[in-house]
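Visitor: Can you keep this structure in mind? I'll have questions shortly.
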Amino acid sequence: MGCEEFPVEYGLGEAKSGVPLGGLGTGYITLGSDGAFQEIVTMGNPRSPILRPERSFLAIFTSSAECKVAKVLENPAPLGLPAVKYLKYSGLFPFANIRYIDDELPVDLRLTAFSPFVSGDSKHSGLPVALFKLVARSKVSEPLTVAVLFSWEGSSLGSKVFEEEGVKGVTLEVEQGNYTIASTIEKGIEVEVSPPWTKSDVKLFWDDFAEDGKFAEFKGSLGEDIARALVLRFTITPFEEKDTVFALSWFFPDLRDSEGKFIGRMYANWFNDSKEVAVYALRKFRNLYEQTSALHRGVKAFKLPEWLEDALLNSLYSLAKNTLWIKDGKFAHSESFTGCPITETIVCRFNGSLPILLFFPELELKVIRHFAFLQREDGAIPFAFGKPEFFDKPYYETQKSLDSSEFVLMVYRDYLFTGDEKFLEDLYPHVKKAIRYAQSLDTDGDYLVNEVSMQYYDQWRFYGTSAYVAGIWLTALRAAEEMAKIIGDEKFSAECRAWFDKGRENYERKLWNGTYYRLYNEPETGKISEVCLCNQLMGQLYAYLLGLGDMFPREHIVSTLQAIFRLNVRATKFGAVSGVRPDGTPEPGPHSETVIFGEVMNYAATCLYVGLRDEGLEAARKAYENIIYYQKSPWNIHFSYDRETGKPVWGSNYYSNMCVWHLLPAWLRVDIGKLREYIRNTFH
Numbered sequence: 063m064g065c066e067e068f069p070v071e072y073g074l075g076e077a078k079s080g081v082p083l084g085g086l087g088t089g090y091i092t093l094g095s096d097g098a099f100q101e102i103v104t105m106g107n108p109r110s111p112i113l114r115p116e117r118s119f120l121a122i123f124t125s126s127a128e129c130k131v132a133k134v135l136e137n138p139a140p141l142g143l144p145a146v147k148y149l150k151y152s153g154l155f156p157f158a159n160i161r162y163i164d165d166e167l168p169v170d171l172r173l174t175a176f177s178p179f180v181s182g183d184s185k186h187s188g189l190p191v192a193l194f195k196l197v198a199r200s201k202v203s204e205p206l207t208v209a210v211l212f213s214w215e216g217s218s219l220g221s222k223v224f225e226e227e228g229v230k231g232v233t234l235e236v237e238q239g240n241y242t243i244a245s246t247i248e249k250g251i252e253v254e255v256s257p258p259w260t261k262s263d264v265k266l267f268w269d270d271f272a273e274d275g276k277f278a279e280f281k282g283s284l285g286e287d288i289a290r291a292l293v294l295r296f297t298i299t300p301f302e303e304k305d306t307v308f309a310l311s312w313f314f315p316d317l318r319d320s321e322g323k324f325i326g327r328m329y330a331n332w333f334n335d336s337k338e339v340a341v342y343a344l345r346k347f348r349n350l351y352e353q354t355s356a357l358h359r360g361v362k363a364f365k366l367p368e369w370l371e372d373a374l375l376n377s378l379y380s381l382a383k384n385t386l387w388i389k390d391g392k393f394a395h396s397e398s399f400t401g402c403p404i405t406e407t408i409v410c411r412f413n414g415s416l417p418i419l420l421f422f423p424e425l426e427l428k429v430i431r432h433f434a435f436l437q438r439e440d441g442a443i444p445f446a447f448g449k450p451e452f453f454d455k456p457y458y459e460t461q462k463s464l465d466s467s468e469f470v471l472m473v474y475r476d477y478l479f480t481g482d483e484k485f486l487e488d489l490y491p492h493v494k495k496a497i498r499y500a501q502s503l504d505t506d507g508d509y510l511v512n513e514v515s516m517q518y519y520d521q522w523r524f525y526g527t528s529a530y531v532a533g534i535w536l537t538a539l540r541a542a543e544e545m546a547k548i549i550g551d552e553k554f555s556a557e558c559r560a561w562f563d564k565g566r567e568n569y570e571r572k573l574w575n576g577t578y579y580r581l582y583n584e585p586e587t588g589k590i591s592e593v594c595l596c597n598q599l600m601g602q603l604y605a606y607l608l609g610l611g612d613m614f615p616r617e618h619i620v621s622t623l624q625a626i627f628r629l630n631v632r633a634t635k636f637g638a639v640s641g642v643r644p645d646g647t648p649e650p651g652p653h654s655e656t657v658i659f660g661e662v663m664n665y666a667a668t669c670l671y672v673g674l675r676d677e678g679l680e681a682a683r684k685a686y687e688n689i690i691y692y693q694k695s696p697w698n699i700h701f702s703y704d705r706e707t708g709k710p711v712w713g714s715n716y717y718s719n720m721c722v723w724h725l726l727p728a729w730l731r732v733d734i735g736k737l738r739e740y741i742r743n744t745f746h
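Mapping of the sequence shown onto this note's numbering: residues 63 to 746, in sequence order.
Here's what the structure looks like:
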């Protein structure tokens, strides 16, 4: 499986989402399965994308002794222009691949589009650019003239053609920034920039291009809303193949938070406009292509099932769609700009941040340090940096039963992966305060955090002691104990161990029902639930990831996972139902009766860690196959899906779904420290 050989190929318009092209925190464009640029999210408009700009498109012209053909490479084509008949679309992030199929064209055409994603290199993974390689192969026994056209919409603010450092293109000024379309100047390829054209010019513009693949007659016009096109013209001999390379870059440095305060873009520290970006990226095209392809080769090296390779790579699309990287260097991931816009919710990063740590650890540490900076005086860790787009408006009461425990676990995880002793020294006081705050949430003296707030399942009320929250707390105590040992804080280490031992005893007494752990138990009120939660062992999964071993008796862990397979997995064809009663019927409710994609992946990873390989892989495979084969939306994975139809229920483009990466260390049966060596040896 190389970067241009994908396991899933969609027909014309079949995929409901497309691969986002863009870097870390840069915004993105989406190239869809109809060949169109479906969404433009480059201007600081993550919740209101520009949809299908009519004069932004690709087109082809061919001429032989027999005939001339000119077509737009999307279907339907905009503005009444002739459209390519059919195409096949595939994608494996960050690559999108299109095969154009049209018996009227004397060439086979293949397009590969991508934005650089280089493991361990956040700068080159944070370029505001989409790079394209179009391969034309002659199907006929006579010479052909071929011209590739790339048109992009601008505005009334003007445009400027340039040629420098072996690159030719045009920069189009728009409000608050600019776009550039450009290509390298190669021997045998004529690079031309069209005159400016407006919507009313479309017939003159197209007729001139369709005549000879260049602009000889159309002189252009000025208007309030111009576009310009890049044309790459060349000849090919019979059955010859030729590549053309071009780029779209953007530059919108004036990013604002949700109250209009300037926060800027990281990429504005490196470049002055989109022309500089395009020239830089095109001159490094071969290296960037090779380094980005290494991501796929790295995943392939693990010898995973093909669907899991696909799931791992495509889950990373969220890094293009949902991230902010601002001028002062702060980095954050939205819960979902389109589904639930909150900046860096700790519950989502607890699930989905592992890839950030693996590939860009310096950005991961920045995020955790900012959580520590925002810690309240009483030790409470914020639920998020702010809502919708803020870095400085934290709030603390939401899911407070979980927030501090999750912070502690991620600090230890990040330390184990990076080995950064300064990071641990700096964060340890915050860890200790977070544990102290969480201890204050034990309202009944059983050494377990109580359900004093809603939690991950924020539309599903738990009471007293729950398997999910208390299990994560117990693992956080063990992580804090280990960090205290490293720091030399023997007293606090012993305290954490004492709390863990007493808490685990009460956890077993209150929640174990002989087969699995109850959803919750509040003896004081008599509220108790025997519902089997798919993700009840989330704390145990983190314990395995952190090398902490079994939190509970091994026989209880295995029994629980097997019960989930019998009850939750068997209750749907699409992964596992979140909450199921002992009789096998789903618990009614907006969370409990659905398939929560990330929850299924975490369950599967826990199964792999204890050797229940078939059970875990079956659940995860069914959940992902629903995404790729039935929903046809691997670049817009929702939070939850209907257990009967498989259709999305809630939460588009969810951050937490990158938890599919928990399956990698689980497949390898390694903890985060050993995973570090795999990542360094495989991707770097």
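Backbone N, C-alpha and C define an ideal beta-carbon position, used for all residues, glycine too.
I'd like to know whether the C-beta atoms of residue 118 and residue 94 end up nearer to each other than 9 angstroms.
Guide: The answer is no: Cβ separation not under 9 angstroms.
Visitor: Throw me the rounded Cβ distance for the residue 178 and residue 85 pair, which I believe falls under 8 angstroms.
Guide: 7 angstroms between Cβ atoms; contact.
Visitor: Rounding to the nearest angstrom, what Cα-Cα distance links residue 329 and residue 387 in this structure?
Guide: Rounded to whole angstroms, residue 329 to residue 387 spans 8 angstroms at the Cα level.
Visitor: For residue 577, which option in 209, 366 and 627 has the closest C-alpha, if you only look at C-alpha atoms?
Guide: Cα-wise, what sits closest to residue 577 is 627.
Visitor: Nearest by alpha-carbon distance to residue 637: which of 201, 556, 651 and 657 is it?
Guide: Taking only the C-alpha atoms, the option nearest residue 637 is 657.
Visitor: From residue 368 to residue 282, what does the alpha carbon distance come to, in whole angstroms?
Guide: So the two alpha carbons sit approximately 50 angstroms from each other.
Visitor: So, do the region 198-210 and the region 281-296 have three or more beta carbon pairs nearer to each other than 8 angstroms?
Guide: A contact exists between the region 198-210 and the region 281-296.
Visitor: Using three-state DSSP, classify residue 739 as helix, strand or coil.
Guide: Residue state, collapsed to three classes: helix.
Visitor: Based on DSSP bridge pairs, tell me the residues matched to residue 582.
Guide: Residue 582 pairs with 591.
Visitor: Just the Cα atoms here: how many angstroms apart are residue 772 and residue 104?
Guide: The structure shown does not extend to residue 772, since the chain is modelled only from 63 to 746, so the question has no answer here.
Visitor: Count the other CB atoms, across all protein chains shown, that sit within 10 Å of the CB of residue 323; report buried if there are 16 or more and exposed otherwise.
Guide: Exposed, by the Cβ-count rule.
Visitor: Grouping DSSP H, G and I as helix and E and B as strand, with all else coil, what is residue 676?
Guide: Of the three classes helix, strand and coil, the one that applies to residue 676 here is helix, per DSSP.
Visitor: Using a Cβ-Cβ cut-off of 6 angstroms (strictly less than) and excluding sequence neighbours within five positions of residue 564, which residues of its own chain qualify?
Guide: 509.
Visitor: Can you tell me whether DSSP reads residue 700 as helix, strand or coil?
Guide: It is coil, neither helix nor strand.
Visitor: Run through the region 444-511 for me and flag every whole alpha helix (DSSP H) of 4 or more residues, listed as ranges in chain order.
Guide: Segments of the alpha helix (DSSP H) lying fully in the region 444-511: 462-480 and 483-501.
Visitor: Within 9 angstroms of any Cβ in chain D, is that where the Cβ of residue 479 sits?
Guide: Absent from the structure is chain D; it holds one protein chain and no more.
Visitor: Note down the Cα distance separating residue 450 from residue 520, rounded to an integer number of angstroms.
Guide: Spanning the two alpha carbons is a distance of roughly 18 angstroms.
Visitor: Quick check on residue 723: does DSSP put it in helix, strand or coil?
Guide: Correct three-state label for residue 723: helix.
Visitor: Which same chain residues, not among the five before or five after residue 316, have their C-beta less than 6 angstroms away from its C-beta?
Guide: So the qualifying residues of the chain are 238.
Visitor: Can you look up residue 332 in the DSSP assignment and give me helix, strand or coil?
Guide: The answer is coil: DSSP assigns residue 332 none of H, G, I, E or B.
Visitor: Please classify residue 582: is it buried, with 16 or more other beta-carbons within 10 angstroms of its beta-carbon, or exposed?
Guide: Buried, because 16 or more other Cβ atoms sit within 10 Å of the Cβ of residue 582.
Visitor: Nearest to residue 229 by alpha carbon, out of 547, 89, 254 and 182?
Guide: Selected option, being the one with the closest Cα: 254.
Visitor: Buried or exposed: which applies to residue 440, given that a residue is buried once 16 or more other Cβ atoms fall within 10 Å of its Cβ?
Guide: So residue 440 ends up on the exposed side.
Visitor: On the DSSP bridge list, what partners appear for residue 527?
Guide: Looking at the DSSP assignment, residue 527 forms a beta bridge with 583.
Visitor: Look up residue 597 in the DSSP assignment and say whether it is helix, strand or coil.
Guide: Coil at residue 597, not helix or strand.
Visitor: Starting from residue 100, follow the beta strand (DSSP E) in both directions and report where the run begins and ends.
Guide: Start and end: 99-103.
Visitor: Closer than 7 angstroms by C-beta to residue 279: which residues in its own chain qualify, once you throw out the five before and the five after it? Chain order, please.
Guide: Cβ within range, chain order: 270.
Visitor: Is it buried or exposed, residue 611, if we count other Cβ atoms within 10 angstroms and call 16 or more buried?
Guide: It counts as exposed.
Visitor: Nearest-angstrom Cα distance between residue 615 and residue 575?
Guide: Roughly 14 angstroms separates the two Cα atoms.
Visitor: Alpha carbon to alpha carbon, what distance is there between residue 304 and residue 442?
Guide: Their backbone Cα atoms lie some 60 angstroms apart in a straight line.
Visitor: Tell me whether the beta-carbon of residue 235 lies closer than 9 angstroms to the beta-carbon of residue 217.
Guide: Taking 9 angstroms as the Cβ cut-off, residue 235 and residue 217 qualify as a contacting pair.
Visitor: Using a 10 Å radius around the Cβ and a threshold of 16 neighbouring Cβ atoms, would you call residue 536 buried or exposed?
Guide: Result: buried.
Visitor: Can you name the residues that DSSP bridges to residue 120?
Guide: Note: residue 120 sits in a beta bridge opposite 212.
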